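Following: one structure in structure tokens, then a few remarks.
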Amino acid sequence: MIRVVNLTQHYSVRPVLIDISMEIATGELVTVLGPNGMGKSTLIQALAGILAPQEGYVEFDGVRRRSSPEGELAIRSKVAYLPDKPWLPTSWTGRDFILAAAQLYDIPASGAMDHAERLLKLFHLEKEGNWPVNSYSAGQQKKIALASALITEAPYLLLDEPFSGGLDPAGILALKRVLKRLAQDQDVTVVMTTPVPELVEELSSRVAIIREGRLATFDTVENIKRAAGVGESLEEALQKMLDPDALANIESYFEELP
Ligand SMILES: Nc1ncnc2c1ncn2[C@@H]1O[C@H](COP(=O)(O)OP(=O)(O)OP(=O)(O)O)[C@@H](O)[C@H]1O
């Protein structure tokens, strides 16, 4: 379980997240949503232990993040974090990079080799796995980065925009199915961001909506739609909650053209 307790995160003096508290159960797939610049990546980074919150804390299975070297090591061994723009070593092959990630998480070599092959096959990169990273397209790099998170077998996956960055439809489908099955069948807990309502609807056990730095909503897709009173579409519900002026703004953009 992940517990976020009264988390407040500033950049310099500017508060980005204010007094966020939430509990994410084992095996949940939670999507963090909000307008650009609202703090979604900041929240994921705080969960990942990259940022030290000014107030509050984050716990994984009852152990507080950044509280002791032993506790932090225990958390790191079970949490994999993938930033929205992951860095990859350009001269390495994709396969070597994936295997290095497995080594960091103490995955035995034989199991890691087998898993790496299955991941390369999943993302249609069997041949390209032997090429250097700097010869990859953007989407191929994203697939290698995703594979490096999945090979860790970490029970907690923190994924910032895993579906962005040029994934092709086959890659999107593969990632959707894999995340869903990891959560449902293997109790892997996933916290991710994506702005795509269809993905949010299909994957999320609950959705966390951040607005003005605060956790405005943390609920199921069904309840969010019901509360918005807009019938079937999550996209409409989100638009109503997050950007009620969007349609009017589009109209006024055209009205104000000379
Ligand atoms: N390193 C930093 N230093 C100062 N301000 C930052 C830093 N990183 C982010 N911010 C600010 O914090 C706010 C939240 O940023 P964050 O990247 O968490 O938003 P986001 O919701 O993930 O945005 P997007 O949807 O555009 O990815 C933004 O206003 C951003 O300008």
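Residue numbers are given in the UniProt record's numbering: position 112 of the sequence shown equals residue 112, and the series is strictly consecutive.
Positions of the beta carbon are idealized from the N, C-alpha and C atoms, including for glycine.
Owing to the predicted nature of the structure, the values given are computational and were not obtained by experimental measurement.
- Short note on residue 43: C-beta closer than 8 angstroms to some heavy atom of ligand 1.
- As for any alpha helix (DSSP H) of minimum length 4 sitting wholly inside the region 181–210, the runs are 197–203, ordered along the chain.
- Sorting 89, 215, 149 by C-alpha distance to the C-alpha of residue 42 places 215 at the top.
- Under DSSP, residue 10 shares a beta bridge with 15.
- The C-beta distance from residue 200 to residue 191 rounds to 13 angstroms, too long to meet the 8 angstroms contact threshold.
- Looking from the CA of residue 15, the closest CA among 31, 37, 178, 205 belongs to 37.
- Contact annotation, residue 28 with residue 183: C-beta distance approximately 7 angstroms; criterion of less than 8 angstroms satisfied.
- At least one heavy atom of ligand 1 is found less than 8 angstroms from the C-beta of residue 193.
- Measuring C-alpha to C-alpha distances from residue 64 to each of 245, 236, 4 identifies 4 as the nearest.
- Residue burial annotation: residue 142 is buried, with at least 16 other C-beta atoms found within 10 angstroms of its C-beta.
- Remark: the C-beta of residue 40 is in contact range of ligand 1, defined as less than 8 angstroms to any heavy atom.
- By the neighbour-count criterion, in which a residue is buried when 16 or more other Cβ atoms sit within 10 angstroms of its Cβ, residue 85 is exposed.
- Between the region 17–33 and the region 75–91, the count of C-beta pairs closer than 8 angstroms stays below three; the two stretches do not touch.
- If you draw a straight line from the Cα of residue 242 to the Cα of residue 19, it comes to about 20 angstroms.
- The region 51–100 contains, as complete alpha helix (DSSP H) runs of 4+ residues, the segments 69–76 (chain order).
- In terms of Cβ geometry, residue 224 and residue 238 form a close pair [threshold 9 angstroms].
- For the pair residue 177 and residue 255, the Cα-to-Cα distance works out to about 44 angstroms.
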